[in-house]
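Novice: Attaching a single structure in structure tokens format; questions to follow.
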Amino acid sequence: MTSLIKKKYFITLLILFLNSTYSYGEEKLSDGDLLIEGDSLENNLDRKLKASGNAILKKSGKTINADLIEYDQVSDEVYAIGDVSIEDGGSKLTGSSLELSIKEGVGIIPNASFSSSMKNSNSLFNNTLRGKAEVLFLEGGDKKRLQNASITTCKSGQDDWFIKASEIEINDSSKTVNAKDAKLEFKGIPILYSPIVNFSFNNERKSGFLSPSLGTTSRSGFESSLPYYFNLSPTSDATLTPRYFGKRGAQIQGEYRYLNESYSGANNLEYLPSDKASDKDNRFYAKLHHQQKITKDLNGGFRIEKVSDDNYFSDMSSLISATSTVNLPQEAYLNYSTDKLYVNLIAQRYQNLTTTSSPYERLPSLTISHSDEYENSKGASRYETDMSMSLTKFARNHNFIASASQFNTTGTRFVANPSISMPFEADYGYVKPKLTMNIRKYELEGGKINSKSMTIPTISLDSGIYLDKKLELGGKNFTQTLEPRIFYSYTPYKNQEMLPMFDTALTDLNLESLFIENQFVGGDRVMDSNQFTIAATTRFIDDSGYEKLNATLAQRFYISDRKVLEESQYLNSVVKSDSSDLFLTVTAYLNKALKIDSELQYNPDEGSTNRATFGTSYTPQPGKLIDVSYRLVRNPTDSNNDIKQINLAGQWPLGGGWSTIGRYNYDIKQSSAVESLGGFEYDGGCWASRIVVNRLSLATTDKPNYTLFMQIELGGLGSLGASNNDNLIDVLNRNVPGSSFSSGIPDQYRLCSCR
Numbered sequence: 001m002t003s004l005i006k007k008k009y010f011i012t013l014l015i016l017f018l019n020s021t022y023s024y025g026e027e028k029l030s031d032g033d034l035l036i037e038g039d040s041l042e043n044n045l046d047r048k049l050k051a052s053g054n055a056i057l058k059k060s061g062k063t064i065n066a067d068l069i070e071y072d073q074v075s076d077e078v079y080a081i082g083d084v085s086i087e088d089g090g091s092k093l094t095g096s097s098l099e100l101s102i103k104e105g106v107g108i109i110p111n112a113s114f115s116s117s118m119k120n121s122n123s124l125f126n127n128t129l130r131g132k133a134e135v136l137f138l139e140g141g142d143k144k145r146l147q148n149a150s151i152t153t154c155k156s157g158q159d160d161w162f163i164k165a166s167e168i169e170i171n172d173s174s175k176t177v178n179a180k181d182a183k184l185e186f187k188g189i190p191i192l193y194s195p196i197v198n199f200s201f202n203n204e205r206k207s208g209f210l211s212p213s214l215g216t217t218s219r220s221g222f223e224s225s226l227p228y229y230f231n232l233s234p235t236s237d238a239t240l241t242p243r244y245f246g247k248r249g250a251q252i253q254g255e256y257r258y259l260n261e262s263y264s265g266a267n268n269l270e271y272l273p274s275d276k277a278s279d280k281d282n283r284f285y286a287k288l289h290h291q292q293k294i295t296k297d298l299n300g301g302f303r304i305e306k307v308s309d310d311n312y313f314s315d316m317s318s319l320i321s322a323t324s325t326v327n328l329p330q331e332a333y334l335n336y337s338t339d340k341l342y343v344n345l346i347a348q349r350y351q352n353l354t355t356t357s358s359p360y361e362r363l364p365s366l367t368i369s370h371s372d373e374y375e376n377s378k379g380a381s382r383y384e385t386d387m388s389m390s391l392t393k394f395a396r397n398h399n400f401i402a403s404a405s406q407f408n409t410t411g412t413r414f415v416a417n418p419s420i421s422m423p424f425e426a427d428y429g430y431v432k433p434k435l436t437m438n439i440r441k442y443e444l445e446g447g448k449i450n451s452k453s454m455t456i457p458t459i460s461l462d463s464g465i466y467l468d469k470k471l472e473l474g475g476k477n478f479t480q481t482l483e484p485r486i487f488y489s490y491t492p493y494k495n496q497e498m499l500p501m502f503d504t505a506l507t508d509l510n511l512e513s514l515f516i517e518n519q520f521v522g523g524d525r526v527m528d529s530n531q532f533t534i535a536a537t538t539r540f541i542d543d544s545g546y547e548k549l550n551a552t553l554a555q556r557f558y559i560s561d562r563k564v565l566e567e568s569q570y571l572n573s574v575v576k577s578d579s580s581d582l583f584l585t586v587t588a589y590l591n592k593a594l595k596i597d598s599e600l601q602y603n604p605d606e607g608s609t610n611r612a613t614f615g616t617s618y619t620p621q622p623g624k625l626i627d628v629s630y631r632l633v634r635n636p637t638d639s640n641n642d643i644k645q646i647n648l649a650g651q652w653p654l655g656g657g658w659s660t661i662g663r664y665n666y667d668i669k670q671s672s673a674v675e676s677l678g679g680f681e682y683d684g685g686c687w688a689s690r691i692v693v694n695r696l697s698l699a700t701t702d703k704p705n706y707t708l709f710m711q712i713e714l715g716g717l718g719s720l721g722a723s724n725n726d727n728l729i730d731v732l733n734r735n736v737p738g739s740s741f742s743s744g745i746p747d748q749y750r751l752c753s754c755r
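Count the sequence shown with the working numbering and you get residues 1 to 755, in order.
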């Protein structure tokens, strides 16, 4: 028997399956509840419900809308027809009809369209996946299978790119997509085809081809590569990349990475069997890195890098991090570390790529450092101790080319620097006296002496005061601080001229090194000194705690001559005067977007500026920045080697989705560009395209390298072109720090072509 209910007004029927009771109010629905609405409702034998006209069914978190909905209460199945839509969380599907088992989540929708929220994002890039299919199968567990389908991450109404395939599987839970017989269309033009495509929208690791790369450099010509990624296990992966250089030939690259609770590592190999541009065979680069956690406090590892020839990086790479490499480490190490103790055992040698590299190898070296704090019984005063010591065997690096006889000395060096200090600290200032013993012992071969021991004491006193006052400037309240500081150190002279220079050099004076006792870095020299440094810092801090101005002035004064500098290697040194240069730094924040920096190193005796840096940066919002700076560094022995450089860098939107990025680093003294970069980006809303040209000076050759980066980024799918996406990011971050791709800029700051 059929009961037909016809009414002119809107009817709502709520049926509770679990206890067969009735409830009104949608907010009380649970997973087992059913809400069905329509202009008319039919109940067939208390089993099938039929809603017609503006029909709505809600159950188990799903909302179904259609012209007609039939629901079977026993099988928990739904049939709908006419402008069907189904919403489930962040997913929405539409079609001409629907057959669905609500309990199993299995169903079919012909002529389907869909959209799924892929992630919470502040950018239109990769936040929605949508598409259409001749037939859409719901396969439970948030899985969909589409036949003769197309998908994109562009918003509705923008059909700039699609992946079209005979079959597409989508998993909304894992945010993964698998496609068969797939082609990528951009602006209606097919640009890529693959029989199998799989990728994820949540950076999930999956085996398969990565985006191909295209680019060009002046030294290697046109470049192309097609990486294949192997997801070997949850703790390891590998990438195999065939790479082709137009001027050089085919190269193969491989990377293997592994990560475990107790160990990790990365191994790389690049091999070019025959280089047409240089007529060299078997050109390669190999890198083996491994770290091993042995116990909680003990770890070790090795790092081995090697290239076939000195010009490998300048020929093959477009990154300054690689092209500026002048030596490659080959080392093994063991570390023991606790809160107060650090022990390092290392054996280290280098492959030198230039004649300016290190002439010595450490085979091996043992370093021990220990520090501690002690308080008396009343806890009123505190002692701090520090002990650092090392025992090193220095061997000649036979890869090093030099005729100087001082590099013929080899041997063993023991260095120890125990110290004790007793700081007195209060809210208004501090005083820190310190005693250090500089202990050296040598056992040498091929030098002026065979054995030498010495102990040189150093005493120092560091002190400072904190003063502040309130003031009003321009109608705003500020706190101005004044922080004077005095540092004194004394070290007696001992002749060290007979000792080799294994790893030691004079350090440049700056605002940090003005407050250290020994002006040498390394263990072969101890500077005799009777000197003090005077400095003062002032800050202006507003009521919100924001520092608007920071300025420091400092200078070191020498009470007596430094006799170590009378060695022949320092005869032309400019550091023999009675005082150091005057150092001044000022940083001002005119507002939160505009910052001004300046550093000055001035010689009062000669009336000359030896170093100067002036810079200003303006960053009003993400995607907008301008940086202008000037740098001067005078060479103390040869004015022809002075550095005078200006640097202009920035990123700025041009309107209509276009933005520009650039950097120009010019050496005024040499009348040549050190490095330059220029490029444009177009923001299409769900995609972006970029073209960047980079000119880079090289460490191993005078001829610069020009690199052209071209890239298309499709939201959620990845990037195409640009020889390597990480390479392009590295180039931009180094040349224009703070710059961003359009996909990384929040929507409220983007001026994209977002239709």
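C-beta: ideal position from N, C-alpha, C; glycine also.
Model, not experiment: these values are computed from the prediction.
By DSSP, does residue 548 sit in helix, in strand, or in coil?
Specialist: Three-state DSSP puts residue 548 in a strand.
Novice: Roughly how many whole angstroms lie between the Cα atoms of residue 198 and residue 154?
Specialist: Those two C-alpha atoms are separated by around 19 Å.
Novice: Below 8 Å, can you find three or more Cβ-Cβ pairs linking the region 138-151 to the region 680-687?
Specialist: The answer is no - the region 680-687 does not touch the region 138-151, with fewer than three Cβ pairs under 8 Å.
Novice: Taking the DSSP output, what are the residues bridged to residue 593?
Specialist: According to DSSP, which records beta bridges pairwise, residue 593 is partnered with nothing at all.
Novice: Does the distance from the C-beta atom of residue 82 to that of residue 68 stay below 9 Å?
Specialist: Yes. Within cutoff.
Novice: In three-state DSSP terms, what is residue 750?
Specialist: Note: residue 750 maps to coil in three-state DSSP.
Novice: What's the gap between the Cα of residue 180 and the Cα of residue 159?
Specialist: Approximately 21 Å between the Cα atoms of the pair.
Novice: For residue 404, count neighbouring C-beta atoms within 10 Å of its own C-beta (all shown protein chains included) and say buried if the count is 16 or more, exposed if not.
Specialist: In this prediction, residue 404 has a pLDDT of 49, which is less than 50 and means its spatial position is unreliable; nothing more can be read from the coordinates.
Novice: May I ask you to verify whether the region 733-749 touches the region 232-240, counting CB pairs closer than 8 Å and requiring at least 3?
Specialist: Too few Cβ pairs lie closer than 8 Å, so no.
Novice: Beta carbon of residue 172, beta carbon of residue 206: below 9 Å?
Specialist: Cβ atoms of residue 172 and residue 206: not closer than 9 Å.
Novice: On a Cα-Cα basis, can you pick out the residue from 616, 498 and 549 that is closest to residue 524?
Specialist: It is 498 whose Cα lies nearest to the Cα of residue 524.
Novice: Excluding the five sequence neighbours on either side, which residues of its own chain have a C-beta within less than 6 Å of the C-beta of residue 182, listed in chain order?
Specialist: For residue 182, where only same-chain residues beyond five positions count, the Cβ hits under 6 Å are 163, 165, 194 and 197.
Novice: Out of 248, 230, 229 and 212, which one is the CA nearest neighbour of residue 222?
Specialist: Per the Cα distances, 248.
Novice: Please name the residue, chosen from 710, 674, 750 and 73, that lies closest to residue 655 on a Cα-to-Cα basis.
Specialist: Checking every option, the nearest Cα to that of residue 655 belongs to 750.
Novice: Please name the residue, chosen from 482, 80, 308 and 633, that lies closest to residue 508 on a Cα-to-Cα basis.
Specialist: Taking only the C-alpha atoms, the option nearest residue 508 is 633.
Novice: State whether the region 227-234 contacts the region 266-277, with contact taken as three or more CB pairs (one from each stretch) at a distance under 8 Å.
Specialist: Segments in contact, no.
Novice: When you compare only the Cα positions, how much space is there between residue 70 and residue 35?
Specialist: Rounded to the nearest angstrom, the two C-alpha atoms are 13 Å apart.
Novice: Just to confirm, is the Cβ distance from residue 116 to residue 129 under 9 Å?
Specialist: Cβ atoms of residue 116 and residue 129: closer than 9 Å.
Novice: Round the Cβ separation of residue 455 and residue 438 to the nearest angstrom and send it over; I've been treating them as touching at under 8 Å.
Specialist: Yes, residue 455 and residue 438 are in contact; Cβ-Cβ is about 7 Å, under 8 Å.
Novice: Looking at the structure shown, is residue 403 part of a helix, part of a strand, or coil, going by DSSP?
Specialist: Bear in mind that a pLDDT of 46 at residue 403, under 50, signals an unreliable position, so the model cannot answer this.
Novice: Is residue 488 closer than 9 Å to residue 549 when the C-beta atoms are compared?
Specialist: No. Outside cutoff.
Novice: Starting from the C-beta of residue 737, find all residues in its chain whose C-beta is less than 7 Å away, skip the five residues before and the five after it, and write them out in chain order.
Specialist: Answer for residue 737: no residue qualifies.
Novice: Could you pull out every residue in the same chain whose Cβ sits closer than 6 Å to the Cβ of residue 720, ignoring the five residues on either side in sequence?
Specialist: Here the set comprises 211 and 712.
Novice: Rounded to whole angstroms, what is the Cα-Cα separation between residue 677 and residue 691?
Specialist: Using only the alpha carbons, I get a separation of about 11 Å.
Novice: To which residues does DSSP link residue 387 through a beta bridge?
Specialist: For residue 387, which the question treats as bridged, DSSP gives the partners 370.
Novice: Apart from the five residues on each side of it in sequence, which residues of its chain come closer than 6 Å, Cβ to Cβ, to residue 74?
Specialist: Answer for residue 74: 47, listed in chain order.
Novice: In its own chain, which residues sit with a C-beta less than 7 Å from the C-beta of residue 621, not counting the 5 before and 5 after it?
Specialist: Cβ neighbours of residue 621 beyond the five flanking positions: 749.
Novice: What does a CB cutoff of less than 8 Å around residue 608 pick up in its chain, not counting 5 residues either side in sequence?
Specialist: The answer, listed in chain order, is 602 and 634.
Novice: Please go through the same chain and pick out, in chain order, the residues whose beta-carbon is closer than 7 Å to the beta-carbon of residue 13, but skip the five residues on each side of it.
Specialist: Note that residue 13 scores 41 on pLDDT, short of 50, meaning its location in the model is unreliable; the coordinates nonetheless yield the value given after this. Within the same chain, residue 13 has close Cβ partners 36 and 41.
Novice: Which residue wins for smallest C-alpha separation from residue 299, given the options 326, 345 and 244?
Specialist: Considering only alpha carbons, the answer is 345.
Novice: In this structure, does DSSP put residue 480 in helix, strand or coil?
Specialist: Here residue 480 sits in strand by DSSP.
Novice: Please confirm whether residue 426 and residue 410 have their CB atoms less than 9 Å apart.
Specialist: Contact: no.
Novice: Please report how far the alpha carbon of residue 797 lies from the alpha carbon of residue 693, in whole angstroms.
Specialist: Since the first residue shown for the chain is 1 and the last is 755, residue 797 is missing from the structure and cannot be characterised.
Novice: Touching or not, the region 464-480 and the region 500-517, by the rule of three or more beta carbon pairs under 8 Å?
Specialist: No, because fewer than three Cβ pairs between the region 464-480 and the region 500-517 fall closer than 8 Å, the two stretches do not touch.
Novice: Let me make sure I understand the geometry here. Which of 561, 467, 484 and 361 has the alpha-carbon closest to that of residue 530?
Specialist: Residue 561 is the option with its Cα nearest to residue 530.
Novice: Where DSSP assigns a beta bridge to residue 781, which residues make up the other side?
Specialist: A question about residue 781 goes unanswered here, because the residues of the chain that appear run from 1 up to 755.
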